[in-house]
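Mapping of the sequence shown onto this note's numbering: position 164 corresponds to residue 189, and the numbering continues sequentially without gaps.
All C-beta atoms in this analysis are idealised placements derived from N, C-alpha and C, irrespective of residue type, glycine included.
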Amino acid sequence: MTKFILHGGNSDRKTIDNDKFFLEVANSANKEKVNILCIYFARPEHRWDDSFQEDKLAFLNLEIGKSFDIEMASLDTGIFRTQINWADIVYIQGGRKGCLKEKLLELENFQELIQNKVVVGISAGANILAKYYYSNVANEIREGLGVLPIKTFCHYNEENALEIEKLESYKEKLPICRIPEEKYMIFEI
26 MTKFILHGGN SDRKTIDNDK FFLEVANSAN KEKVNILCIY FARPEHRWDD
76 SFQEDKLAFL NLEIGKSFDI EMASLDTGIF RTQINWADIV YIQGGRKGCL
126 KEKLLELENF QELIQNKVVV GISAGANILA KYYYSNVANE IREGLGVLPI
176 KTFCHYNEEN ALEIEKLESY KEKLPICRIP EEKYMIFEI
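Quick look at the structure:
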């Protein structure tokens, strides 16, 4: 069974909700030593190192009796595939102006590679896992990879009623996941 944890965005804020999120992610791997692969392809490459250090600290500062081996995803497709196989948790950060969809499509069998793992998607990382999603940056509906048969709206708030209506009526009828910033949803399939 694969566990998906979808976060609405801004996981770097120091809040109680984000603390709960990191605990949920870390505790989802039923192991003492957990391998985490951090993917930052949704962001410009010059931001990857800082983002990696922030996320790494968030996990290493958890006091839950687990140890973590944390790697940053490689742009090299062969190495990236090996890293996914190694990982217990595939952690896909959000962003914009990156190459996330293109890099995941290069793998061809991404959906098979993530089976029986914990897959975390934050903002754009959550959207890419859905069949369709609302892009807050482009203000339009886009197609994700369809790993999950849902439509997502990250960074959701109650002012997004019109956008939600558009997403509801877009193509086939699928559940809509409205995920506010700092909140998360869990799916197991």
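| said: Please return the same chain residues whose Cβ sits closer than 6 Å to the Cβ of Ile-117, not counting the five positions on each side in sequence. | reply: Ile-64, Gly-146 and Gly-150
| Which of the three DSSP states, helix, strand or coil, is assigned to Leu-132? | coil
| field | Beta-carbon separation (whole angstroms), Thr-177 vs Asn-152, contact threshold 8 Å | value | 5 Å
| message | I need the boundaries of the alpha helix (DSSP H) containing Thr-107, first residue and last residue. | response | It spans 102 to 111 - the alpha helix (DSSP H) in which Thr-107 sits, taken as one unbroken run.
| said: Quick check on this structure: which residue in Tyr-157, Tyr-181 and Asn-182 has the alpha carbon closest to the alpha carbon of Glu-193? | reply: Checked all of Tyr-157, Tyr-181 and Asn-182; the closest Cα to Glu-193 is Tyr-157.
| Presumed contact (8 Å Cβ cut-off) between Ile-175 and Thr-27, rounded CB distance | That belief does not hold up - the Cβ atoms of Ile-175 and Thr-27 are roughly 14 Å apart, past 8 Å.
| Across which residues does DSSP place Asp-75 in a beta bridge pair? | According to DSSP, Asp-75 bridges with nothing at all.
| Which runs of the beta strand (DSSP E), 3 residues or longer, sit entirely within the region 137 to 165? | 143 to 147 and 155 to 160
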